[in-house]
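Numbering (the numbering used here), first residue to last: 375 to 673. Ideal Cβ positions, reconstructed from N, Cα and C, are used throughout, including at glycine. Since we're looking at a predicted model, the values are computed, not measured. Working notes, beginning with the structure itself.
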């Protein structure tokens, strides 16, 4: 039953029998047979069938929720038994918003020092994708904004407040200022994240509050692309202070606080709201709390 439920979850995620079978490493007829057996055991149709996958039936949507819960509990049980025998091991999958990626070593490095049997997969995703992956159990945890857009039912650990700075080359307009306003920044040739990123929506919101609008001359979904353009000396950007500090901007690049307003937004670790958490996720939440405490001590 657990295997069949796993197959059903994969089909619901892929929305295509062929892609789901490939993901599972089985043949399409094997997957189709397993879904039909599951339907027979439950006594309901789960999948709307035609010449291709057409979606889940209403009963299928209900079963999907139960399937995710049951397979999650089974995974937790297996991890607890493995941890009891050998200590923590396995792989932690974490999805993080682009502006938080540079902070992930502060979490993963001390975690692995405590639990050397654990490996990591870190994915760069939008805040919407982080929550979607978490809800579908495709990742174990996420790092995202906590206070700007709805999160749904999650367990969260606040980590740090993201504050914003103008990042520009020396000699450019406003580069010699000690601080600048959002309205002033709007007049510069900006390179910003794409509108599907919550960081960009936050920036647009603060520019609008200052009576200005974002008119970037370049958009990208990669912080590396933005950094590369800033280093040409021809572009400016708006980035979180902690991110600029992590990348260690040196002369001739300047980071200038943006005020009116001096805005900040909370970033933290999120996990599915379930009890108990798997041993890996529970340990990661504990590590996040230790990191948050160190941030508080450092001011």
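query: Where does the unbroken alpha helix (DSSP H) through residue 479 begin, and where does it stop?
result: For residue 479, the enclosing alpha helix (DSSP H) has its first and last residue at 479-488.
- prompt: Does the beta-carbon of residue 408 have 16 or more other beta-carbons within 10 angstroms, so that it is buried, or is it exposed?
  reply: Label assigned to residue 408: buried.
- prompt: Between the C-alpha atoms of residue 429 and residue 589, what's the straight-line distance to the nearest angstrom?
  reply: It is roughly 40 angstroms from the alpha-carbon of residue 429 to the alpha-carbon of residue 589.
task: Out of 401, 519, 383 and 474, point me to the one whose CA is closest to residue 598's CA.
output: Distances from the alpha-carbon of residue 598 to those of 401, 519, 383 and 474 put 474 closest.
- prompt: Can residue 444 and residue 513 be called in contact, C-beta distance under 8 angstroms?
  reply: For the pair residue 444 and residue 513, the CB atoms are not nearer than the 8 angstroms cut-off.
- prompt: Alpha carbon to alpha carbon, what distance is there between residue 465 and residue 489?
  reply: The straight-line gap from Cα to Cα measures roughly 11 angstroms.
task: Taking only heavy atoms of the ligand GDP into account, decide whether any of them is closer than 7 angstroms to the Cβ of residue 387.
output: With respect to the ligand GDP, the structure shown offers nothing to examine, as it has no ligands at all.
query: Is residue 513 helix, strand or coil by DSSP?
result: Coil, per DSSP.
field: Which residues DSSP lists as bridging residue 614, in chain order
entry: Bridge partners of residue 614: 538.
message: Please report the distance separating the alpha-carbon of residue 668 from that of residue 390.
response: Residue 668 and residue 390 have their C-alpha atoms roughly 46 angstroms apart.
message: Restricting to Cα atoms, I'd like to know which of 636, 498, 484 and 531 is closest to residue 557.
response: Residue nearest to residue 557 within the set 636, 498, 484 and 531 is 636 (criterion: CA-CA distance).
message: Alpha carbons only, please: which of 529, 412, 386 and 548 is nearest the one belonging to residue 631?
response: Checked all of 529, 412, 386 and 548; the closest Cα to residue 631 is 548.
Euclidean distance between Cα positions of residue 522 and residue 576: Cα-Cα distance, rounded: 8 angstroms.
- prompt: Leaving out five residues before and five after residue 491 in sequence, what residues of the same chain have Cβ atoms less than 8 angstroms from its Cβ?
  reply: Result list for residue 491: 460, 461, 462, 463 and 464, in chain order.
message: Would you call the stretch 527-536 in contact with the stretch 659-666, where contact means no fewer than 3 C-beta pairs closer than 8 angstroms?
response: Segments in contact, yes.
- prompt: On the three-state DSSP scale, how would you describe residue 528?
  reply: Residue 528: strand per DSSP, three-state reduction.
- prompt: Once you ignore the five residues that flank residue 653 on each side, which residues in its own chain have a CB closer than 7 angstroms to its CB?
  reply: Around residue 653: 453, 454, 457 and 462.
message: Contact criterion: CB-CB distance below 8 angstroms. Does residue 633 meet it with respect to chain B?
response: The chain inventory of the structure shown lacks chain B, comprising one protein chain alone.
message: For a quick check, are the C-beta atoms of residue 470 and residue 478 less than 8 angstroms apart?
response: For the pair residue 470 and residue 478, the CB atoms are nearer than the 8 angstroms cut-off.
Residue 382 versus residue 394 - alpha carbon distance: Those two C-alpha atoms are separated by around 9 angstroms.
query: If we count Cβ pairs, one from each stretch, closer than 8 angstroms, do we get three or more for the stretch 639-646 versus the stretch 591-611?
result: The stretch 639-646, when compared against the stretch 591-611, does not touch it at the 8 angstroms Cβ threshold.
- prompt: Exposed or buried, what is residue 591 when buried is set at 16 or more other beta-carbons lying within 10 Å of its beta-carbon?
  reply: So residue 591 counts as exposed.
message: Give the list of continuous beta strand (DSSP E) stretches no shorter than 3 residues that lie fully inside the stretch 404-452.
response: Assignment of beta strand (DSSP E) within the stretch 404-452, counting only whole runs of 3 or more residues, yields 421-423 and 427-430 in chain order.
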